[in-house]
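Accompanying notes for the structure given below.
Numbering (UniProt numbering), first residue to last: 1 to 173.
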């Protein structure tokens, strides 16, 4: 099993049954390290050097977060800005993301049809999280899958478990 770092960012976790159920999986499995950014950095002061060192120890990464006002949570955006290092792009530098598998798990309260070109918001989830996608591509990470859980706040326990099962199957491929 690949040693996996889960970069999790949810500013209102206590109000998200879907995310709680999904992260419980990581906690129960030894190959996953869950990093809750809002728990670790409530003051928004990122220890970028420490985070960069940590990235080198993992084979695979999961970014899990909700859509907050049509984008990533602000602390995740700040984490990316401070941790992702342009020096990784220089010849001879160790790029801890290069070739590593990355999975992105996004939750939203909105309906799937709302996140289309003709829907309510006129933008797709991929477009709304494009900053993360482009950053990962620049650093030559291997984005394996982007899973989106729509209407996450309305899902039954059974539906949440089905989403978790689908995501775990993706990870095991």
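Don't be surprised by glycine CBs; every beta carbon is placed ideally from N, CA and C.
Please check the pair residue 125 and residue 133, which I expect to be a contact at CB under 8 Å, by giving their CB distance rounded to whole angstroms. Here residue 125 refers to the residue found at position 125 when the chain shown is read from its first residue. Here residue 133 refers to the residue found at position 133 when the chain shown is read from its first residue. 10 Å between Cβ atoms; not a contact.
Identify the continuous alpha helix (DSSP H) that holds residue 113 and give its terminal residues. In the chain shown, counting from the first residue as 1, residue 113 sits at position 113. Residue 113 -> no alpha helix (DSSP H), and no H or E assigned at all.
Look at the alpha carbon of residue 155 and the alpha carbon of residue 92, and state the distance between them as a whole number of angstroms. The residue given as residue 155 occupies position 155 in the chain shown. The residue given as residue 92 occupies position 92 in the chain shown. Straight-line Cα distance between these residues: approximately 47 Å.
Inspect the CB distances between the stretch 3 to 21 and the stretch 58 to 75 and report whether three or more fall short of 8 Å. yes
Just grab the DSSP bridge partners of residue 107 for me. Counted from its first residue, the chain shown places residue 107 at position 107. DSSP output for residue 107 lists 66 and 149 as bridge partner(s).
How is the beta strand (DSSP E) around residue 34 delimited, first residue to last? As a position in the chain shown, residue 34 is number 34, starting the count at 1. Residues 32 to 36.
Residue 57 in three-state terms, based on DSSP: Reading the chain shown from its first residue, position 57 is the one you call residue 57. Coil at residue 57, not helix or strand.
Coil, strand or helix - residue 97 by DSSP: As a first step, residue 97 is located in the chain shown; it is residue number 97 there, counting from the start. Coil.
Run the CB neighbour count on residue 152, radius 10 Å, all protein chains shown included, and call it buried at 16 or more, exposed below. Here residue 152 refers to the residue found at position 152 when the chain shown is read from its first residue. Under this definition residue 152 is a buried residue.
Just to confirm, are residue 65 and residue 10 a CB contact at a threshold of 9 Å? Taking the chain shown and counting its residues from 1, the one referred to as residue 65 is at position 65. Taking the chain shown and counting its residues from 1, the one referred to as residue 10 is at position 10. Going by C-beta atoms, residue 65 is nearer than 9 Å to residue 10.
Three-state class that DSSP yields for residue 49 in the structure shown: Along the chain shown, one-based indexing puts residue 49 at 49. Helix at residue 49.
Any 3 or more C-beta pairs closer than 8 Å across the stretch 109 to 124 and the stretch 21 to 40: no
Do residue 51 and residue 69 have their CB atoms nearer than 9 Å? Taking the first residue of the chain shown as position 1, residue 51 is located at position 51. Taking the first residue of the chain shown as position 1, residue 69 is located at position 69. No. Outside cutoff.
Can you have a look at residue 49 and say buried or exposed, based on whether 16 or more other CB atoms are within 10 angstroms of its CB? Looking up residue 49 in the chain shown gives position 49. Under this definition residue 49 is an exposed residue.
Hey, would you say residue 163 sits closer than 9 Å to residue 55, going by beta carbons? Along the chain shown, read from residue 1 onward, the residue named residue 163 stands at position 163. Along the chain shown, read from residue 1 onward, the residue named residue 55 stands at position 55. No, these two residues do not count as a Cβ contact at 9 Å.
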